[in-house]
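In our numbering, the protein residues as written are 4 to 142.
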């Protein structure tokens with residue numbers, strides 16, 4: 004839970020900054036790199052907790068509905084947890100794959116923006132040099 008929350012602390016400010024089209028390169032870098040350690044930790048912890056709950060639910064029968072009952076319906080929560088464990092593995096892999104693509108696009112855009120910042124800095128330096136040369140000519 005902490006790793007999922009930690010990524011949100013970075014993601015939501017990034018979205019706010021993006022909404023207003025402000026430029027914070029460190030926040031952008033953190034958005035596209037912080038998930039690398041945090042997502043695997045979150046996926047692994049969620050899978051471990053689900054795995055540990057399978058044995059507990061099997062022993063206690065908690066949240067399991069057996070037949071016969073007035074609705075003629077049964078639900079095996081242990082089976083649900085096993086399916087959930089499979090979905091964690093598949094969904095986690097898919098999520099990581101998508102984030103690799105988002106990271107590539109985001110960092111490419113960041114490098115272009117940083118390049119433009121460097122170009123603007125260089126352009127300002129050239130303007131100052133020209134102004135100095137012109138001021139020397141006038142004197």
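The beta carbon of each residue, even a glycine, is placed where N, CA and C say it ideally should be.
Values in this document were obtained by computation on a predicted structure and should not be read as measured data.
Item, Value
"Cβ-Cβ distance between residue 28 and residue 82 below 9 Å", "no"
"Per DSSP, cross-strand counterpart(s) of residue 130", "The partner list for residue 130 (beta bridge, DSSP) is empty, contrary to what the question assumes."
"Bridge-paired residues (DSSP) for residue 5", "According to DSSP, residue 5 bridges with nothing at all."
"Chain-order list of residues whose beta-carbon lies under 7 Å from that of residue 20 (same chain, five-residue window excluded)", "27 and 30"
"Distance between residue 7 and residue 53 (C-alpha atoms, nearest Å)", "16 Å"
"Residue 80 (DSSP reduced to helix, strand or coil)", "helix"
"Nearest neighbour of residue 49, chosen from 88, 135, 69 and 77 [CA to CA]", "88"
"Cutoff 7 Å; reference residue 63; Cβ partners in own chain excluding five residues on either side", "none"
"Burial state of residue 46 (16 or more Cβ within 10 Å)", "buried"
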